[in-house]
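Top line first, the protein sequences correspond to chains V and W.
Remember, the working numbering sits 11 above the position in the first sequence when you count from 1.
Remember, the working numbering sits 6 above the position in the second sequence when you count from 1.
All residues carry an ideal CB built from backbone N, CA and C; glycine is no exception.
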Amino acid sequence: GIQVEQSPPDLILQEGANSTLRCNFSDSVNNLQWFHQNPWGQLINLFYIPSGTKQNGRLSATTVATERYSLLYISSSQTTDSGVYFCAGWLSGGYNKLIFGAGTRLAVHP
Amino acid sequence: ETGVTQSPTHLIKTRGQQVTLRCSSQSGHNTVSWYQQALGQGPQFIFQYYREEENGRGNFPPRFSGLQFPNYSSELNVNALELDDSALYLCASSLGGTDTQYFGPGTRLTVL
Chain V
12 GIQVEQSPPD LILQEGANST LRCNFSDSVN NLQWFHQNPW GQLINLFYIP SGTKQNGRLS
72 ATTVATERYS LLYISSSQTT DSGVYFCAGW LSGGYNKLIF GAGTRLAVHP
Chain W
7 ETGVTQSPTH LIKTRGQQVT LRCSSQSGHN TVSWYQQALG QGPQFIFQYY REEENGRGNF
67 PPRFSGLQFP NYSSELNVNA LELDDSALYL CASSLGGTDT QYFGPGTRLT VL
């Protein structure tokens, strides 16, 4: 089955709007991370968030490990927030393998 | 910037050739992971090296091989290139196997 699933697949926002991105992950996946990939392909890690809530400026993330989901909140979006947001988790069982979701493609228009 | 560097930035090869991609990890990091990202998809884990030993591998054939050096830099080698190998190849370094991954800018490989 799908181990890391993201929604929505695409999102279009006006500058200044808020949004919530969701990541569901299976029992075999842990130590969730959120990344932003800019239009040039650079992946930037946003949060390493196995559980709980973290905030960094206009971005915050919450992982509820017991219910196998994580949320990424973007407030007061800016055009520079555009790109693809990925969540990823490590496959458990002593075998190091990072599993990525398919991503949420965000376009923020002025 | 993450401090992880990759070379070259772009590469064009023909089917059947061999290619070597290089990655220098962030200072202090002893683990390097490699990923393949096809257009419009999420990165796919190829393998991970920890202190010069392979420490995990994804669903890639043996013609994808790697190496990690004593300074923790790493190489990805792909033999007998196929058209489907065209992708962005990313490396990431970390302090440990499942810690936060810091990605390099990637190498874009085109196989003709």
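{"query": "Can you check which of these residues, V/Glu26, V/Thr90, V/Ile23 and V/Gln48, is closest to V/Ala113 by C-alpha distance?", "result": "V/Gln48"}
{"query": "Check whether the Cβ atoms of V/Cys34 and V/Ser103 lie closer than 8 Å to each other.", "result": "no"}
{"query": "Can the beta-carbon of W/Glu88 be found less than 8 Å from the beta-carbon of W/Arg21?", "result": "yes"}
{"query": "For the segment 13 to 83 of chain W, which segments carrying the beta strand (DSSP E) assignment without a break, of at least 3 residues, lie completely within its bounds, in sequence order?", "result": "16 to 19, 25 to 30, 37 to 43, 50 to 56, 59 to 63 and 70 to 74"}
{"query": "Can you check DSSP and say which residues form a bridge with V/Ala72?", "result": "V/Lys65 and V/Leu83"}
{"query": "Taking Cβ positions, are V/Leu83 and V/Trp45 nearer each other than 8 Å?", "result": "yes"}
{"query": "Taking Cβ-Cβ distances below 7 Å as the criterion, which residues of the segment 48 to 78 of chain W are in contact with chain V?", "result": "Gly48, Pro49, Phe51, Gln54, Asn61, Gly62 and Gly64"}
{"query": "Less than 8 Å between CB atoms is the rule here; does W/Thr191 satisfy it with respect to chain V?", "result": "Nothing can be reported for residue 191 of chain W, as the shown portion of chain W is limited to 7 through 118."}
{"query": "Starting from V/Gln124 and walking both ways along the beta strand (DSSP E), at which residues does that stretch end?", "result": "Residue coverage of chain V in this structure runs from 12 to 121, which leaves residue 124 of chain V outside it and unanswerable."}
{"query": "Can you tell me the Cα-Cα spacing of W/Glu60 and W/Leu73, whole angstroms?", "result": "8 Å"}
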